[in-house]
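Following: one structure in structure tokens, then a few remarks.
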Amino acid sequence: MGRLHQDFNVEVPDPRLAIIDERLGGVKRIIVVASGKGGVGKSLIATTLSLLLARDGKKVGLLDLDFHGPSCHIILGATDAVPAEEMGLIPPVVQGVKFMSLVYYIGDRPLPLRGEEASNVFVELLTITRWGQLDYLVVDVPPGIAEEVLDIIRLIKRGEFLVVTTPSKLAVKTVARLVQLLQELKVPTLGLVENMHPPSSKIGKTGTFKANFLGRLPFDPEVEKTLGHPEELLKTHFARSLKRIVKKLGR
Ligand SMILES: Nc1ncnc2c1ncn2[C@@H]1O[C@H](COP(=O)(O)OP(=O)(O)O)[C@@H](O)[C@H]1O
Ligand SMILES: [Mg+2]
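Going letter by letter, the sequence shown gives residues 1 to 251 in our numbering.
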């Protein structure tokens with residue numbers, strides 16, 4: 001799908017979209033971890049998911065597209081790694097995962113991108129990154145159901161969405177809107193994960209969602225001190241619960 005050319009009102013194909021398809025050509029499955037909300041654990045889940053898949057012998061890439069607050073590099077402890085330039089960018093391998101992030105562009109600066117600019121940054125990163133052959137590419141995306149998420153649907157055509165919520169009523173309504181949007185746009189959705197479930201509570205709010213329920217992840221106070229130490233992270237209750245969900249993702 002191209003964009004409407006503003007002067008002529010005709011649709012001109014964006015050649016970069018074909019390049020993105022080519023760049024992702026060697027990737028078997030693309031899992032997009034999304035939520036209508038921020039702070040629900042998308043980055044933690046995306047990063048842990050990529051580590052679990054890599055430990056299971058899969059070839060895995062992790063792409064952090066959250067320009068509001070890229071954070072996968074912190075969870076991975078990827079402090080020194082940088083991409084290599086060779087007819088594009090080759091992601092460094094961190095903890096067995098090929099890792100690419102907007103943080104390599106923006107560092108710790110705030111990035112007040114809007115609309116078209118944000119779109120161009122996504123396109124740029126997807127166009128220059130050379131993933132090679134992968135079994136899985138896991139993508140961490142910004143919160144919301146605004147333009148950025150629509151862009152990701154448009155740019156990463158084979159993306160299968162893994163939707164994250166928490167049991168809080170502050171998350172549930174917003175996340176339900178994302179699920180509805182994905183259904184309306186006929187975007188493949190793997191299902192819903194409920195994160196930060198309080199250990200004592202057996203009640204889930206997932207009845208609100210018309211999505212395949214994949215399971216709950218406990219709120220785990222041990223997680224915080226393992227950030228930046230993937231081996232320790234993988235030993236937590238949180239990671240072990242996520243491993244059970246990964247088994248449901250199939251193939
Ligand atoms: N199940 C969990 N148990 C404990 N802390 C969690 C859990 N899930 C997420 N967190 C913490 O909550 C905060 C928000 O998570 P993050 O992955 O950054 O959310 P998002 O990417 O959706 O904004 C982080 O400090 C993260 O470590
Ligand atoms: Mg995040």
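Don't be surprised by glycine CBs; every beta carbon is placed ideally from N, CA and C.
Between the CA atoms of residue j and residue i - distance to the nearest angstrom
i    : j    : result
V172 : N212 : 15 Å
G2   : K210 : Because the pLDDT of G2 is 49, which lies under 50, any placement of that residue in the model is unreliable, and the question is left without a value.
L217 : R240 : 9 Å
I30  : F238 : 22 Å
S168 : D21  : 37 Å
M196 : P13  : 43 Å
L134 : R114 : 31 Å
K186 : I128 : 28 Å
R158 : V164 : 19 Å
V175 : P199 : 22 Å
L53  : S35  : 21 Å
K248 : L214 : 7 Å
T166 : M87  : 41 Å
R23  : L126 : 7 Å
G25  : I106 : 27 Å
F161 : V33  : 6 Å
G132 : V27  : 7 Å
R16  : V139 : 19 Å
V179 : A146 : 13 Å
heavy atom of ligand 2 below 7 Å from residue i C-beta
i    : result
S71  : yes
D66  : yes
D135 : no
D220 : no
D140 : yes
Residue i beta carbon near ligand 1 (any heavy atom closer than 7 Å)
i    : result
K42  : yes
L227 : yes
L155 : no
S101 : no
L217 : yes
F238 : yes
E168 : Note on identity: in this sequence residue 168 is Ser, with Glu being the wrong assignment. For ligand 1, not one heavy atom lies less than 7 Å from the Cβ of S168.
E194 : no
S50  : no
E224 : yes
Sheet register partners of residue i (DSSP bridge)
i    : result
I153 : Answer is none; I153 lacks a bridge partner.
R29  : Y136
T129 : L89
A84  : I90
L62  : F99, V138
Closer than 7 Å: residue i CB and nearest ligand 3 heavy atom
i    : result
Q183 : In the structure shown, ligand 3 is absent; the only ligands present are ligand 1 and ligand 2.
Counting Cβ pairs, one atom from each stretch, are 3 or more of them under 8 Å apart for the stretch 86 to 102 and the stretch 61 to 68? Yes: at least three Cβ pairs fall under 8 Å.
Inspect the CB distances between the stretch 64 to 78 and the stretch 112 to 125 and report whether three or more fall short of 8 Å. With the cut-off at 8 Å, the stretch 64 to 78 and the stretch 112 to 125 touch.
On the three-pair Cβ rule with 8 Å, is the stretch 228 to 247 touching the stretch 73 to 92? Using a C-beta cut-off of 8 Å, the stretch 228 to 247 makes contact with the stretch 73 to 92, since at least three inter-stretch Cβ pairs fall below that distance.
Under 8 Å: do the stretch 82 to 92 and the stretch 34 to 52 share three or more Cβ pairs, one atom per stretch? The stretch 82 to 92 vs the stretch 34 to 52: no contact.
What ranges does the alpha helix (DSSP H) occupy inside the stretch 87 to 111, keeping only unbroken runs of at least 4 residues that lie completely in it? List check, alpha helix (DSSP H) in window: 103 to 106.
What residue ranges within the stretch 159 to 231 form continuous alpha helix (DSSP H) runs of no fewer than 4 residues, ordered along the chain? For the stretch 159 to 231, the continuous alpha helix (DSSP H) assignments of 4+ residues that do not extend past its boundaries occur at 169 to 184, 223 to 226, in sequence order.
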